[in-house]
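Everything on this sheet refers to the single structure shown next.
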Amino acid sequence: MEQGSIFELLESRVRQALKKIAEQKKTIETLIGEKQELERIIEQKEREIAELRRQLAAVPKDQLGLLEEFQAREMKLKARLQELVEKIDKVRLLE
531 MEQGSIFELL
541 ESRVRQALKK
551 IAEQKKTIET
561 LIGEKQELER
571 IIEQKEREIA
581 ELRRQLAAVP
591 KDQLGLLEEF
601 QAREMKLKAR
611 LQELVEKIDK
621 VRLLE
């Protein structure tokens, strides 16, 4: 091979390598930006969770019992409604 063509080949390969490096640098910078945004969102959600925990801790214990009772009734009503819907569907199928 001629010395000039060897240099041209090396120059071409160096350009390709620099192009790939630039592309990867751009990708890395994009990923870093996305990571920072996700970390910011996580911190915000953690603050929200901490606030909810403080609010829950401030709820009197007797109200927590009422809340649990209400949730249990709600679950029973949902189950009963589901049973009624199933019975209505069966009646419709029989018609």
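In this note's numbering, the protein residues as written are 531 to 625.
For every residue, glycine included, the Cβ atom is placed at its ideal position computed from N, Cα and C.
Assuming residue i is part of the alpha helix (DSSP H), what are its boundary residues?
i, result
"Val544", "Gln533 to Ala588"
Less than 6 Å between C-beta atoms, sequence neighbours within five positions excluded: which residues of the same chain meet that for residue i?
i, result
"Pro590", "none"
Leaving out the 5 sequence neighbours to the left and right, which residues in its chain are closer than 8 Å to residue i when beta-carbon positions are compared?
i, result
"Ile579", "none"
"Arg664", "Nothing about residue 664 can be reported from this structure: the residues present for the chain run from 531 to 625 only."
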